[in-house]
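Undergrad: Line by line, the protein sequences are chains A and B.
Quick note on the working numbering: the first sequence kicks off at 1 and runs consecutively.
Quick note on the working numbering: the second sequence kicks off at 1 and runs consecutively.
Cβ atoms here follow ideal geometry from the backbone N, Cα and C, with glycine treated the same way.
Pasting a structure below so you can have a look.
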Amino acid sequence: MTTKLFTEVDAKAAQQLLESPTPPLLIDVREQNEWDAGYLHGATHAPKGMISFTIPNIAPEKSAPILLYCAGGVRSAAAAETLAGLGYTNLTSMAGGINGWSAAGLPVVETTTLTPEQKSRYSRHLLLPGVGADGQTKLLNSRVLMVGAGGLGAPAALYLAAAGVGKLRIIDFDSVEASNLQRQVIHTTDRVGMLKVESAAVQIRALNPDVEVEPINDMLTTENVASLLNGVDLVIDGTDTFEARYALNDAAVKLGIPVVHAGVFRFEGQLTVLAPGRGPCYRCLHPTPPPAEMAPSCGVAGVLGVLPGVIGVLQATEALKMLLRIGEPLIGRLLLWDALEGTFTELTVKRDPHCVACGDGTAKGGAA
Amino acid sequence: MSISVRIPPVLRTQTGGAKLVSVDGASLSAVLTALTAAHPDLREQIFEADGTLRRWVNVYVDGADVRHLAGLETPTQDGIEVVILPAMAGGALGSAR
């Protein structure tokens, strides 16, 4: 008795699979030059010759449904046999390949808009399921507002720039000081005295010329926050006063813009994603700031330099997840990290129906 | 009924530096009363004069905000963790800048 190792379907049936509620993982097994000329929407590129090496990253689950295609259907059938030999059990090859797909008059064979330099720079992203050329293009077309170019903003900005987030608007009103350099890795010794936003812009441009930096040497206030948020997809909150944080929260809630919030203190840090309409806002977490005389004074508390590094990079991670719409963002969850213990603690944060910013009685209420 | 209470870094001056404090109590009210009896300086950080929780101090029992549970009457089972989390700003991020 012979067991069939994979199924073959024509272009129309393949399209139905892709439009089903549980679409298969779509893999293009052709060579780079063929892929560059155009590919199917949502496909991951994994040339046939290398597929046994690349597949564990693309499809860790061997029972996951996979739909393979090439130009005419021969190579995808061979690739399906290879995968079956590796233990993959739910394989389909598209007979007729992308040529048959086009001939059947089926929609959108996309051509990537990435330049050859970008394909090289972002090649590790292009290999990732959930990112790929579509995701990278999304990142290049995104704008993130970074409030603060300090402990949290420095590492977050570097990684967002490296990832190819196309527009970084950075607001800060400080200048670089020697005491910043223990943790604010976007600044350098020879730029002490320079405005932080200018220093950050220099480093970002050197790292990735794809990124357009919008440096704003100012303080975030209730007066300018709306214009700062104009055209922004997401905010990295590195504010250092309650006034700025509440002003940012209230404006972001009104405009429906998610904020990745974080804080660090000595050896501990915390972060959460505040996504209007999907979870709580900062006022749901803390309805009111403490009065000044009760606010813990931490000017002399100190912080382990790597602490804002880790938390800032976690902020960048959450930002990329939100922009790419992948994974489970930290919405409604507050993550605490204790560096000395080496432990993470997760707390649940709920939207408050009585919240003055996003509660049921407000214009933005009732959505979450 | 041993409950461990996690003290936030900003309030450790009031506990002599202790990060985890073990106390007994079958409800959050009993736990926090025992905690502030052992560390009296914490009292005014956590409680209003009328004995309610300060509005900017969040308390979590087993990972959930007690404002969404039974507040100070939330039962505390043996072995669970209570987390105290005040709003931090100038502090948290002031030191980060």
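If you run the structure through DSSP and keep just helix, strand and coil, what is residue 12 of chain A?
TA: In this structure, residue 12 of chain A counts as helix in the three-state DSSP scheme.
Undergrad: Could you tell me whether the Cβ of residue 286 of chain A comes closer than 8 Å to any Cβ of chain B?
TA: Yes, its Cβ sits closer than 8 Å to a Cβ of chain B.
Undergrad: Give the secondary structure of residue 338 of chain A by DSSP, where H, G and I count as helix, E and B as strand, and everything else as coil.
TA: Looking at residue 338 of chain A - three-state DSSP - the assignment turns out to be strand.
Undergrad: Please determine, among B:62, B:9, B:14, the residue with the shortest C-alpha to C-alpha distance to residue 301 of chain A.
TA: With distances taken between Cα atoms, residue 301 of chain A lies closest to B:9.
Undergrad: What residues in the segment 33-45 of chain B bring their beta carbon closer than 9 Å to a beta carbon of chain A?
TA: Those residues of the segment 33-45 of chain B that come within reach of chain A (Cβ to Cβ, closer than 9 Å) are 44, 45.
Undergrad: For residue 187 of chain A, does the count of other Cβ atoms within 10 angstroms reach 16, so buried, or fall short, so exposed?
TA: So residue 187 of chain A ends up on the buried side.
Undergrad: Name the one or two DSSP bridge partners that residue 146 of chain A has.
TA: Looking at the DSSP assignment, residue 146 of chain A forms a beta bridge with A:170, A:236.
Undergrad: Distance check for residue 52 of chain A and residue 5 of chain A, CA to CA, integer angstroms please.
TA: Taking the straight line joining both Cα atoms gives about 16 Å.
Undergrad: At a CB-CB cut-off below 7 Å, which residues of chain B make contact with residue 350 of chain A?
TA: Those within 7 Å of residue 350 of chain A in chain B are 65, 68.
Undergrad: Taking all protein chains shown into account, decide if residue 226 of chain A is buried (16 or more other Cβ within 10 angstroms of its Cβ) or exposed.
TA: It is exposed - the Cβ of residue 226 of chain A has fewer than 16 other Cβ atoms within 10 Å.
Undergrad: For chain D, is any of its Cβ atoms less than 8 Å away from the one on residue 266 of chain A?
TA: This model lacks chain D altogether; the protein chains it does include are A and B.
Undergrad: From A:261, A:76, A:325, pick the residue whose C-alpha is nearest to that of residue 156 of chain A; which is it?
TA: Measuring from the Cα of residue 156 of chain A, the nearest candidate turns out to be A:261.
Undergrad: Take residue 67 of chain B as the anchor and find which of A:361, A:193, A:360, A:351 has the nearest alpha-carbon.
TA: It is A:351.
Undergrad: Could you tell me which chain A residues have their CB closer than 7 Å to the CB of residue 87 of chain B, listed as they occur along the chain?
TA: Within chain A, the residues near residue 87 of chain B are 286, 289, 290.
Undergrad: Use the C-beta contact count for residue 33 of chain A: other C-beta atoms within 10 angstroms, 16 or more gives buried, fewer gives exposed.
TA: The residue is exposed, with fewer than 16 neighbouring Cβ atoms inside 10 Å.
Undergrad: Within the segment 116-166 of chain A, note down every full beta strand (DSSP E) run reaching 3 residues or more, in order along the chain.
TA: Counting only runs of 3 or more, we get 143-147.
Undergrad: So, helix, strand or coil for residue 285 of chain A, using DSSP?
TA: Residue state, collapsed to three classes: helix.
Undergrad: Counting only beta-carbon atoms, is residue 345 of chain A nearer than 8 Å to chain B?
TA: For residue 345 of chain A, the answer is yes, since a Cβ of chain B falls inside 8 Å of its Cβ.
Undergrad: Measure the alpha-carbon distance for residue 316 of chain A versus residue 159 of chain A and round it to whole angstroms.
TA: Their backbone Cα atoms lie some 7 Å apart in a straight line.
Undergrad: Looking only at its own chain, which residues have a Cβ that is under 7 Å from the Cβ of residue 23 of chain A, when we skip the five neighbours before and after it?
TA: If we look at residue 23 of chain A and ignore the five residues flanking it on each side, its Cβ neighbours are 17.
Undergrad: Within 10 Å of its beta-carbon, does residue 298 of chain A have 16 or more other beta-carbons around it, so buried, or fewer, so exposed?
TA: Its pLDDT being 47, under 50, residue 298 of chain A is placed unreliably in this model, and the value from its coordinates should be taken loosely. With 16 or more Cβ atoms within 10 Å of its Cβ, residue 298 of chain A is classed as buried.
Undergrad: In chain A, what lies closer than 7 Å to residue 75 of chain B by C-beta?
TA: Simply none; closest approach about 17 Å.
Undergrad: Work out the CA separation of residue 28 of chain A and residue 11 of chain A for me, nearest whole Å.
TA: Answer to the nearest angstrom: the Cα atoms are 14 Å apart.
Undergrad: Kindly confirm or deny that the segment 283-294 of chain A and the segment 117-127 of chain A touch, where touching means at least three C-beta pairs closer than 8 Å.
TA: Because the criterion of three Cβ pairs below 8 Å is not met, the segment 283-294 of chain A and the segment 117-127 of chain A do not touch.
Undergrad: Go to residue 322 of chain A, then tell me how far its alpha helix (DSSP H) extends in each direction, as first and last residue.
TA: Per DSSP, residue 322 of chain A belongs to the alpha helix (DSSP H) from 306-324.
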